[in-house]
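Below you'll find the structure, written out as structure tokens, and then a few comments.
Numbering (the working numbering), first residue to last: 170 to 283.
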């Protein structure tokens, strides 16, 4: 299981389209994902304080290609993060979870998924 955070609106668009494509797929060639223990790191750096985020729980087996585990992009270069090189089919998303920030705007590892 890997996770990707996005807005609820982006997920609604993906459901209508049948696949999820983050803007980084066009700009970087892949969709950034994380483990449950990592997802709070990029979320805090890139989306501090946002209240419209959700977590997509992705079954790696349902992806057309397995994710590539690669160093982070300056966020955390010591850990490997799963990168998905292509759109994520909506059927690969097995659950959607709320992802609210902490009172200080940071994000914490999601309870129950770590």
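Ideal Cβ placement from N, Cα and C applies to all residues, glycine included.
What you are looking at is a predicted structure, and each value in this text was computed from that prediction instead of being measured.
**Asked** Measuring CA to CA, which of 273, 280 and 281 is closest to residue 214?
**Response** The shortest C-alpha separation from residue 214 is found at 273.
**Prompt:** What is the residue span of the beta strand (DSSP E) that residue 237 lies within?
**Reply:** 237 to 240
**Request:** Reducing DSSP to helix, strand and coil, say where residue 196 ends up.
**Result:** helix
**Request:** Reducing DSSP to helix, strand and coil, say where residue 226 ends up.
**Result:** strand
**Asked** Which stretch, first to last residue, makes up the alpha helix (DSSP H) that contains residue 252?
**Response** Unbroken run through residue 252 is the beta strand (DSSP E), 249 to 253; no alpha helix (DSSP H).
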